[in-house]
Amino acid sequence: MDVAVPGPSARLPGVSMAGFRQRVSTPVEITMIPHPSVTIIVDVSETGDIVHDTDGRRRRGSFAAGLLPGRLDTGGSSGECLQLRLSPVVAATVLDSSPDLTGTVAPLRDVWGPDTEQLEERLRAATSWNDRFAIAADLLRHRLDTRPPVDPEVAHIWRRTVTSRGRLRVDRMAAEVGWSRKRLWSRSRSQLGITPKRAAQLARFDHAAHLLAAGHSPATVAARSGYVDQPHLHREVKAVTGSTPTAVSSAPWLAIDDVAWPTYPRT
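Under full-length UniProt numbering, think of the first position of the sequence shown as 1, with each following residue one higher.
In structure tokens, the structure reads:
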């Protein structure tokens, strides 16, 4: 698999991008490991080789995945896609639909809106990954500049959750912005589509998953990621992925993370 990453000029706060090109003789199935962002997969291949599961139905084409596991297949002899990782703060602004993408996979048109085909056509017509990154960045920047953002308090809480690796108590974060716990919970759920507790769980898991992929033992990962003990880590990984820490440590999606997302904030 060939991986392309954007230069500094195409980078936006809360947005990570990578381009993937794969040439295979048989379909390849990749299980996407959850991480604290909304994933957009734009199929830029001429033959439409990207296949995804939506509500148990296999469909072709570009799609958006929430904050829980999804499955991505690349079929045929080749496939190209542009992947965007949007923080929920950015996703709530740039997507047309409700930001409640937690645990869902939807066709891109359902969340990007009627401009989806134009977006795909422009990206396919581009002659290089750098051009594709620039096009995507310009479109995202335009939406960020022309649409109302989430509450600054909600954005602050999200940043604190990610940078603390999910280890700050909700009461403490609510006090930092002068909100009650109930108000924080309500605003986060309505604007980001995720509760503070769930956000903390995903941030903590994301840190643990990358430690596992780096070869650390489950006991070490549990201690460094804020879990009570190794059984607690095992239960959490099982709840989030339906798998075990050992299986997560060898997930193919994680194996290319450091290549595809060199600037992605490691929570």
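From the three backbone atoms N, C-alpha and C, an ideal C-beta is built for every residue, glycine too.
- Among the residues of its own chain, which have a CB less than 6 Å from the CB of VAL240, if the five just before and after it don't count? PRO34, PHE205
- Query: Where PRO88 and ALA136 are concerned, what is the direct C-alpha to C-alpha distance, given to the nearest angstrom?
  - Reply: 17 Å
- Every unbroken alpha helix (DSSP H) within the stretch 76–159, with a cutoff of 4 residues, ordered by chain: 88–94, 108–112, 116–125, 129–146
- Query: Apart from the five residues on each side of it in sequence, which residues of its chain come closer than 8 Å, Cβ to Cβ, to VAL170?
  - Reply: ARG181, LEU184, TRP185, PRO196, LYS197, ALA200
- Query: Whose C-beta lies closer than 6 Å to the C-beta of ARG122 among residues of the same chain, with five residues either side of it excluded?
  - Reply: Excluding sequence neighbours, ARG122 sits near ILE135.
- Task: State the DSSP-derived secondary structure class of THR195, mapped to helix, strand or coil.
- Result: Three-state DSSP puts THR195 in coil, outside helix and strand.
- Task: Would you mind reading off the limits of the alpha helix (DSSP H) that contains ARG235?
- Result: Boundaries of the alpha helix (DSSP H) around ARG235: 230–241.
- Task: List the endpoints of the continuous beta strand (DSSP E) containing ALA65.
- Result: 63–65
- Query: Nearest-angstrom Cα distance between SER9 and ASP229?
  - Reply: 43 Å
- Item | For MET1, the residue or residues it bridges with in DSSP | Answer is none; MET1 lacks a bridge partner.
- Query: Can you round the beta-carbon distance between residue 272 and PRO36 to whole angstroms, since I take them to be within the 8 Å contact cut?
  - Reply: No statement about residue 272 is possible, as the shown extent of the chain runs from 1 to 267 and does not include it.
- Message: Given this structure, state the Cα-to-Cα distance separating ALA106 from VAL94, to the nearest angstrom.
- Response: 16 Å
- Task: With DSSP as the reference, label VAL15 as helix, strand or coil.
- Result: Assigned with DSSP and collapsed to three states, VAL15 falls in strand.
- Cβ distance (whole Å) where SER62 is taken to contact LEU108 below 8 Å: Approximately 4 Å separates the beta-carbon atoms of SER62 and LEU108; this is inside 8 Å, confirming the contact.
- Whole-angstrom distance between ALA65 and TRP112, CA atom to CA atom: When only Cα atoms are considered, TRP112 and ALA65 end up about 12 Å apart.
- ARG167 in three-state terms, based on DSSP: coil
- Span of the alpha helix (DSSP H), counted from its first residue to its last, around THR246: 245–249
- Message: Measuring only the C-alpha atoms, how far is ILE50 from ALA125?
- Response: 18 Å
- What is the DSSP secondary structure of VAL177, reduced to helix, strand or coil? helix
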